[in-house]
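Start counting the sequence shown at 3; every next residue gets the next number (our numbering).
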Amino acid sequence: MEIVRWVLLGIIALTSIMTVFFVLLNKGKGGGLSDMFGGGMSTSLNSSGVASKNLIRLTVTTAVIWVLAIIVYALFLRFTAV
């Protein structure tokens, strides 16, 4: 059972880093902090609509995996004797 715990912790750590990375790669929609720090200047990075949609899908999928891993880890801790 200790292996399952470590695998879940690894998944949580990996998806946490990936989610932060993908959120930072997404293009700002304007009017927020991204424009204040120069995010509106770089339009060539995510100029393709398909690439932007795929990046959003990847970000959401990674975030959902992160949430599910946390829920499974919490249930694992709740129903096993530590």
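Backbone N, C-alpha and C define an ideal beta-carbon position, used for all residues, glycine too.
Item, Value
"Proximity below 7 Å, CB of THR17 to CB of ILE72", "no"
"ALA53 - containing alpha helix (DSSP H), residue span", "51-81"
"Contacts around PHE24, its chain only, beta-carbon distance under 7 Å, and the 5 residues preceding and following it disregarded", "LEU57, LEU60, THR61, THR64"
"Start-to-end residues for the alpha helix (DSSP H) that takes in MET20", "4-27"
"Cα-Cα separation, LEU11 to TYR75", "8 Å"
"Same chain only: Cβ atoms within 7 Å of LEU85, ignoring 5 sequence neighbours per side", "One cannot answer for residue 85 here, as it falls past the ends of the chain, which runs 3 to 84."
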